[in-house]
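Residue numbers (our numbering), protein chains in the order written: chain A, 78 to 410; chain B, 850 to 1139.
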């Protein structure tokens, strides 16, 4: 007797898809709870942590932003191996504005966010016309080249970097700024991907030629996606610069490239909540494993391989499925 | 000055060609972009060092064993990782990238950093060409690059396995109908690519120290040459390595050495704007360029 696993939507899932969800507290709670968890956790719970753990949460949130920006790119089929490019550009723009002209973080961060978005997009524009692994290759090459350039020409502080930048007034401000940015991009990105615009982006990933057939200019869409990703990445860079009070070559380092990918793949790519979840698992974990030092990157690499090969779905997709559906074994007729 | 620049430009081109051949072979045949390539390069360098200095084996044996080790590493990578995600370019890239990173950072963790990690030159000495002195190792590099290219040409045109390689590269389904196992050939191509990386490492590394950063550099150079030449095209690789190699040497000699690293970036940018699929890739132009 053979059996197969059958998955059926939970009744509450079917009911709460409609306007009738408003007629019952249970259904409303069912819809609200998954959305409320990150909001409550980030805005209410994390400020209660000890200062040391708050610092870790800030660092985690920076990685989570990078992971979400990576996820945005992957939604359009663009594999980036160098989120550090956006991070580095954002961090250097904010650093230069603050270091040489003494702008306050209130102005450097917005300028670096938009400027970094434009610069990052322009830098990768030539590759957008190709699909496949070219984008991955060039994104891998660019950040390393930039850091070499800084090292060799000794511009922008050279290997020393720009130190003594203006910090945030206090840690709680920094925490709230990054949490709000995190939540805004999480819900904003999910909203974008649920709209018709997001459908086009997913279409580019699935079959770019049929999107072209529909008379849409896929390069223009890809450029927009790239800009969105670059903006978020640059914001993370600009923010991180003011938290660390330092802008320098480590901004282009591989940490910022591998970590977001690992977080997104572990959490579940394509959902934005997945990368957030992945980052909040991996970064505190690596903080606990601090004693291992350089071995952390080894673990990230192996995590990436294992999840890509064995669990390509990611944690978030798994949780989502369990939440919306129940499974049972049925006989095969 | 000019003669020296030309000679060193040729040697630099040979280095680039040696580095890119393995990456290109794997990609051209099985379509797998092996982002662990730099890691394999470094792996074989350190393996040779370990066999030579910790185990005290004779040099020739070290070389052979470390090439075999690298090839087996490539083979295992294919069977354990690539085979399960074959055809999903995104997953292939991420898995090999993660693996490469893990290997390289593992060496850093075990403190394989410093000036004592060097490989011996084959034969110490230098010769004069005109009034330019060139050490013998660099001559060896040029000779081996030329020899390896010839070997690969003969191998892919006149042996059964080599012909199977090319048939898989040209049309996988038709090759399957002739009884060529595409998984086996894919694994072999990965092993060959890794073996070529090992050869490149053993020939090139005596010029400097073995450093983890070198792995990233090798990967970047291989990618640059492959993008410029056109992925999967051996002629393209040779032309691109000559172009970039000479351009780098001229920049280093006539401008300033630290602009050298910009050359490949500029070359990539120009090629992507003018002819995005690379100078010599006719076959796959339509597929890649959309």
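Positions of the beta carbon are idealized from the N, C-alpha and C atoms, including for glycine.
Since the structure is predicted, the reported quantities are computational estimates derived from the model, not experimental observations.
Residue i and residue j look like a contact to me (Cβ under 8 Å); what is the Cβ gap, rounded to whole Å?
i                       : j                       : result
residue 978 of chain B  : residue 856 of chain B  : 6 Å
residue 335 of chain A  : residue 950 of chain B  : 6 Å
residue 453 of chain A  : residue 80 of chain A   : Because chain A here runs from 78 to 410, residue 453 of chain A falls outside it and cannot be looked at.
residue 354 of chain A  : residue 256 of chain A  : At roughly 15 Å, the Cβ-Cβ gap does not stay under 8 Å, so residue 354 of chain A and residue 256 of chain A are not in contact.
residue 1021 of chain B : residue 371 of chain A  : About 40 Å; that fails the 8 Å criterion.
residue 1034 of chain B : residue 1014 of chain B : 6 Å
residue 30 of chain A   : residue 172 of chain A  : Given a span of 78 to 410 for chain A in the structure shown, any question on residue 30 of chain A remains unanswerable.
residue 1075 of chain B : residue 883 of chain B  : In fact, because the Cβ distance is near 11 Å, the residues do not count as touching under 8 Å.
residue 1092 of chain B : residue 1077 of chain B : 7 Å
residue 242 of chain A  : residue 324 of chain A  : 7 Å
residue 1125 of chain B : residue 206 of chain A  : 5 Å
residue 352 of chain A  : residue 940 of chain B  : Rounded, the Cβ-Cβ distance is 16 Å, inconsistent with contact.
residue 1081 of chain B : residue 1018 of chain B : 7 Å
residue 1079 of chain B : residue 1044 of chain B : With 8 Å as the limit, residue 1079 of chain B and residue 1044 of chain B do not qualify as a contact, their Cβ atoms being about 23 Å apart.
Less than 8 Å separating the beta-carbons of residue i and residue j?
i                       : j                       : result
residue 147 of chain A  : residue 337 of chain A  : yes
residue 1038 of chain B : residue 862 of chain B  : no
residue 196 of chain A  : residue 166 of chain A  : yes
residue 357 of chain A  : residue 137 of chain A  : yes
residue 141 of chain A  : residue 259 of chain A  : yes
residue 994 of chain B  : residue 851 of chain B  : no
residue 1064 of chain B : residue 887 of chain B  : yes
residue 316 of chain A  : residue 254 of chain A  : yes
residue 938 of chain B  : residue 210 of chain A  : yes
residue 85 of chain A   : residue 364 of chain A  : no
residue 1067 of chain B : residue 890 of chain B  : yes
residue 217 of chain A  : residue 159 of chain A  : yes
residue 126 of chain A  : residue 182 of chain A  : no
residue 948 of chain B  : residue 378 of chain A  : yes
residue 920 of chain B  : residue 1040 of chain B : yes
residue 897 of chain B  : residue 1069 of chain B : no
residue 985 of chain B  : residue 996 of chain B  : no
Please report the distance separating the alpha-carbon of residue i from that of residue j.
i                       : j                       : result
residue 865 of chain B  : residue 114 of chain A  : 53 Å
residue 1122 of chain B : residue 1089 of chain B : 16 Å
residue 123 of chain A  : residue 262 of chain A  : 18 Å
residue 1135 of chain B : residue 229 of chain A  : The predicted model places residue 1135 of chain B with a pLDDT of 47, which falls under 50 and marks its position as unreliable; any figure quoted below should be read in that light. If you take the alpha carbons of residue 1135 of chain B and residue 229 of chain A, they lie about 39 Å apart.
residue 293 of chain A  : residue 153 of chain A  : 14 Å
residue 1095 of chain B : residue 300 of chain A  : 34 Å
residue 212 of chain A  : residue 1114 of chain B : 14 Å
residue 295 of chain A  : residue 348 of chain A  : 22 Å
residue 877 of chain B  : residue 1001 of chain B : 13 Å
residue 283 of chain A  : residue 346 of chain A  : 14 Å
residue 360 of chain A  : residue 1054 of chain B : 36 Å
residue 99 of chain A   : residue 105 of chain A  : 6 Å
residue 1030 of chain B : residue 1010 of chain B : 11 Å
residue 1139 of chain B : residue 935 of chain B  : Residue confidence for residue 1139 of chain B is low, a pLDDT of 41 falling below 50, so the modelled location carries little weight; the figure read from the coordinates is stated next. Each residue's Cα considered, the two are about 22 Å apart.
residue 369 of chain A  : residue 957 of chain B  : 12 Å
residue 1060 of chain B : residue 143 of chain A  : 29 Å
residue 908 of chain B  : residue 139 of chain A  : 49 Å
residue 925 of chain B  : residue 895 of chain B  : 19 Å
residue 397 of chain A  : residue 111 of chain A  : 9 Å
residue 406 of chain A  : residue 1006 of chain B : 55 Å
residue 279 of chain A  : residue 1108 of chain B : 40 Å
residue 952 of chain B  : residue 375 of chain A  : 7 Å
Candidates the options: which alpha carbon is nearest residue i's?
i                       : options                         : result
residue 893 of chain B  : B:1069, B:966 and B:936         : B:966
residue 1147 of chain B : B:1115, B:1048 and B:995        : Since the first and last residues shown for chain B are 850 and 1139, residue 1147 of chain B lies out of range.
residue 168 of chain A  : A:369, A:365 and A:320          : A:320
residue 291 of chain A  : A:302, A:297 and A:277          : A:277
residue 303 of chain A  : A:178, A:333 and A:201          : A:201
residue 333 of chain A  : A:373, A:367, A:351 and A:350   : A:373
residue 249 of chain A  : A:193, A:395, A:362 and A:130   : A:130
residue 215 of chain A  : B:1024, B:1120 and B:1103       : B:1120
residue 885 of chain B  : B:1016, B:931, B:998 and B:1104 : B:931
Residues of chain E with CB closer than 7 Å to the CB of residue i, please, in chain order.
i                      : result
residue 946 of chain B : The structure shown contains no chain E; the protein chains it does contain are A and B.
Check your understanding: Can at least three beta-carbon pairs, one atom from the stretch 321 to 330 of chain A and one from the stretch 215 to 227 of chain A, be found at a separation below 8 Å?
Key -> yes
**Study point:** Stretch pair the stretch 399 to 409 of chain A + the stretch 84 to 98 of chain A: three plus CB contacts closer than 8 Å
**Key:** yes
Check your understanding: Just checking, does the stretch 340 to 353 of chain A make contact with the stretch 132 to 149 of chain A on the three C-beta pairs under 8 Å criterion?
Key -> Yes: at least three Cβ pairs fall under 8 Å.
Practice item. Determine, using beta-carbon pairs with one atom in the stretch 188 to 202 of chain A and one in the stretch 310 to 328 of chain A, whether at least three such pairs fall under 8 Å. Key: yes
Exercise for review: Report yes or no: do the stretch 897 to 905 of chain B and the stretch 959 to 975 of chain B share at least 3 C-beta pairs separated by less than 8 Å?
Suggested key: yes
Check your understanding: Would you call the stretch 938 to 950 of chain B and the stretch 384 to 394 of chain A touching, i.e. three or more CB-CB distances under 8 Å?
Key -> yes
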